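Numbered per this note's numbering, the sequence shown finishes at 588, counting up by one with no gaps.
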Amino acid sequence: MYRNIATCIFLFLVVIANHSNLQAQIKGLSGMSGDELLKMELESQFSDDAMRSETMPVGNIIDPELYFLGPEDILTIQIVPIMNNPRSIKLSPDMSIMIPRVGKIDMRGLTLKQAQDSIESFFKAFNPKFEVSTNLRAARQCIVKISGNVLYPSIYTMPSSYQVSTAILFANQLQKNTAIALPQMEALLQVQEAERETERRFSESGLSTKPFYSSRNIILLRKDGTSLTIDLEKAAATNDASFDPYVKEGDEIIVPFDRDNFPMISISGGVTRPIILPYKPGDKASLLLKFGYGLTDDADINNIKIYMPSQNKQILLKTDKSLNLIGEDFEIEPGAVIIVGQNITPQSQSTGTVSIKGQVRNPGNYLITLRNTRLRDLIDMAGGFTKDAYLPLANIVRRESKLKSLTDPRQETYEIMQYSDLTMDDTTRYYIDMKYKQPLVATDFVELFEKNNNINDVLLYDGDIIHIPTNPGLVFVNGQVKNPGYVEFEEGRNMKWYIERAGGFAEGSEPDRARIIRGRTNVWIEGSDDIIVYAGDQIYAPRVPDEPTTLKLQRYAVLASLIATFSILLSTIVTLSTR
């Protein structure tokens, strides 16, 4: 009985304590100021977790007046003085921000700038002294279809902060996880190399490589049934993002293929980017000037003319150094052409620099007179050869004006082979020769400096490098010899002598096919008795070529048939002569 009474008293005291605590909380809450209540509600609704999202490469800067908000966009809001640090909030599917006991902010159909103004007005209604700052922390992800003339037409997931131009760039780059077959990759590289070569050929002409149709005629289909024609050239030239809108959920971007015939306008001459573009109604002379993207160093600002087909004459334009039109602007017509004059003077370089290395008394770089300084002159400038100079290995390397293709080193070979009449075997050997060709100058130091053959006293060009090595003192003998390896060099010896020093020909060799490989040029020559071997040369003794049994039998059969034919012919002659 006493135990039950004690239990009841304990429960009664617990209830009283909880009631007192609740009253204290309610009293404390009711005593909070309006700003404190607002801060508490904001902190309960805003969270840094909303900032944890996958990021994509930044493609462009967002214009708050043109970017329309959508569900899942993440905003950062800072309200001074009640929030010292910005807090993030994600827009709900119904495009609103709900703050319990405070109110709801409707974001439907608002641009970022309109949302900033709306949020600022909402909170300043509570306290005009609030300083409100709102920014876009992370753009929502949109599903966008890109088709037409792009490298990888597909359906993409990309941020709504991407403009149409950025989305197209995204569809034209090789994706990390994209599996691409080797033939397709080779074809792609060939196309890129062809475009690069075309750009190289036109680089100094002041002309456009081809007309560009698609960049001013991109179609954007919206999910609401509307469509837009996107003019990327005008957007970039005028720095106006309204011509290059941001993507939205369900957009379809159609990049048209190039056409052969369409109304054109062009700008060429002394401009950074000569180009041929489609004509659009309303195009003006000032816009066509901007399409050139500025003047080149040799541009003649006083010689800029526009040709108008309807007037059949050229009109002189006055611009500043940034190609901004001075004077009254006017609309142009299809076929309008702007030509920016150029102050081109023939460039004649009279001097150059060459380098000489190795065994000369004063190695280094020397100034030469082009079309006048010869090899013997330069050796005299360098103080002559040292006693260790070995002329049979000396050479001149000349700088090539055209670099090899970065994507396909065989490009030059293919161009030269296009109209050749070489056989298949010749073609294979030609590929090898072209692949490993050396930019050497055709001269022989021994003939020039020891035999005074002035044919080898060649003119030097800017960028030439002259190598004068020392005597290596060795000749490498390889192939089917008994002791292949390095043999000590001895002046005036021929190939036969070095092969004997290497133990002679081994079994299975074919002595008639042995060759000397010159160390200076890697040229193979026959090793007759009167041909001298130089230090640094190689000697190669090949083996008898392997021959299939069937081929041997065929050769023996042909030989037997020839012998039989000869025997019959001889017998016939003898018979006829005895009659």
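Don't be surprised by glycine CBs; every beta carbon is placed ideally from N, CA and C.
Predicted, not measured: the structure shown is a model, and the values here were computed from it.
Out of the options, which has the shortest C-alpha to C-alpha gap to residue i?
i, options, result
"Glu-499", "Ser-127, Leu-384, Tyr-543", "Tyr-543"
"Val-280", "Asp-389, Ser-331, Ile-128", "Ser-331"
"Leu-229", "Pro-220, Phe-221, Ile-239", "Ile-239"
"Tyr-302", "Pro-318, Leu-78, Glu-258, Val-349", "Val-349"
"Arg-529", "Ile-324, Arg-231, Thr-479", "Thr-479"
"Ser-174", "Ala-451, Ile-263, Leu-431, Ser-101", "Ile-263"
"Gly-278", "Ser-212, Gln-358, Thr-143", "Ser-212"
"Ala-134", "Gly-112, Arg-117, Thr-143", "Gly-112"
"Asn-248", "Phe-485, Pro-557, Gln-172", "Gln-172"
"Tyr-439", "Pro-448, Ala-451, Val-450, Met-426", "Met-426"
"Asn-462", "Leu-78, Pro-137, Phe-454", "Phe-454"
"Glu-359", "Ile-365, Glu-456, Leu-379", "In the sequence on display, residue 359 carries Ser and not Glu. Ser-359 has its Cα closest to that of Leu-379, out of Ile-365, Glu-456, Leu-379."
"Ile-88", "Lys-122, Val-141, Leu-121, Asp-82", "Val-141"
"Leu-237", "Pro-220, Tyr-255, Ala-246, Ala-245", "Tyr-255"
"Phe-394", "Pro-372, Ser-410, Leu-376", "Pro-372"
"Thr-305", "Gly-291, Arg-527, Leu-216", "Leu-216"
"Pro-102", "Asp-82, Leu-197, Leu-183", "Asp-82"
"Asp-521", "Gln-201, Asp-538, Gly-512", "Asp-538"
"Asn-311", "Lys-327, Ser-214, Gln-323, Gly-472", "Lys-327"
"Lys-366", "Gly-545, Asp-329, Leu-400", "Leu-400"
"Leu-325", "Asp-307, Ile-347, Ala-308", "Ile-347"
"Thr-362", "Ala-403, Val-467, Met-443, Asp-473", "Asp-473"
"Phe-271", "Pro-220, Leu-297, Thr-382, Trp-506", "Pro-220"
"Asp-253", "Glu-206, Tyr-495, Asn-69", "Asn-69"
"Asn-136", "Asn-181, Pro-90, Gln-123", "Pro-90"
Taking C-beta to C-beta, are residue i and residue j nearer than 8 Å?
i, j, result
"Pro-73", "Gln-150", "no"
"Ile-86", "Ile-128", "yes"
"Asn-503", "Ile-540", "yes"
"Val-532", "Ile-508", "no"
"Glu-535", "Arg-524", "yes"
"Ile-114", "Phe-131", "yes"
"Ala-398", "Gln-368", "yes"
"Pro-318", "Gly-336", "no"
"Leu-384", "Leu-449", "no"
"Tyr-316", "Asp-267", "no"
"Ser-518", "Ala-550", "yes"
"Ile-341", "Ile-274", "yes"
"Ser-251", "Leu-75", "yes"
"Leu-197", "Asn-181", "no"
According to DSSP, is residue i helix, strand or coil?
i, result
"Asp-538", "coil"
"Gly-40", "Any reading at Gly-40 must be qualified, since the residue scores a pLDDT of 49, below 50, and its modelled position is unreliable; the value itself is stated next. If DSSP states are grouped into helix, strand and coil, Gly-40 belongs with coil."
"Met-504", "helix"
"Phe-575", "helix"
"Val-583", "helix"
"Ala-124", "helix"
"Met-116", "coil"
"Arg-268", "coil"
"Leu-75", "coil"
"Pro-290", "coil"
"Arg-383", "strand"
"Phe-514", "strand"
"Ser-97", "strand"
"Glu-409", "coil"
"Phe-454", "helix"
"Phe-131", "helix"
"Thr-143", "strand"
"Lys-154", "strand"
So, is residue i buried or exposed, given that buried needs 16 or more other C-beta atoms within 10 angstroms?
i, result
"Ile-405", "buried"
"Ile-313", "buried"
"Glu-242", "buried"
"Phe-575", "exposed"
"Arg-408", "exposed"
"Leu-31", "Bear in mind that a pLDDT of 37 at Leu-31, under 50, signals an unreliable position, so the model cannot answer this."
"Gln-458", "Reading off the sequence shown, one finds Phe at residue 458, where the question assumed Gln. When all chains shown are included, Phe-458 counts as buried."
"Ile-577", "exposed"
"Met-433", "exposed"
"Pro-554", "exposed"
"Thr-143", "buried"
"Pro-287", "buried"
"Met-167", "buried"
"Ser-169", "buried"
"Met-116", "buried"
"Leu-585", "exposed"
Output yes if chain D places a C-beta closer than 8 Å to the C-beta of residue i; else output no.
i, result
"Ala-398", "Absent here is chain D; the protein component of the structure consists of one chain."
Complete runs of the beta strand (DSSP E) confined to the region 165-246 [at least 3 residues]: 227-230, 236-239
Entirely enclosed beta strand (DSSP E) segments - the region 465-494, minimum 3 residues: 474-477, 483-488
3 or more residues per run - each beta strand (DSSP E) lying fully within the region 301-368: 308-317, 322-326, 346-351, 360-367
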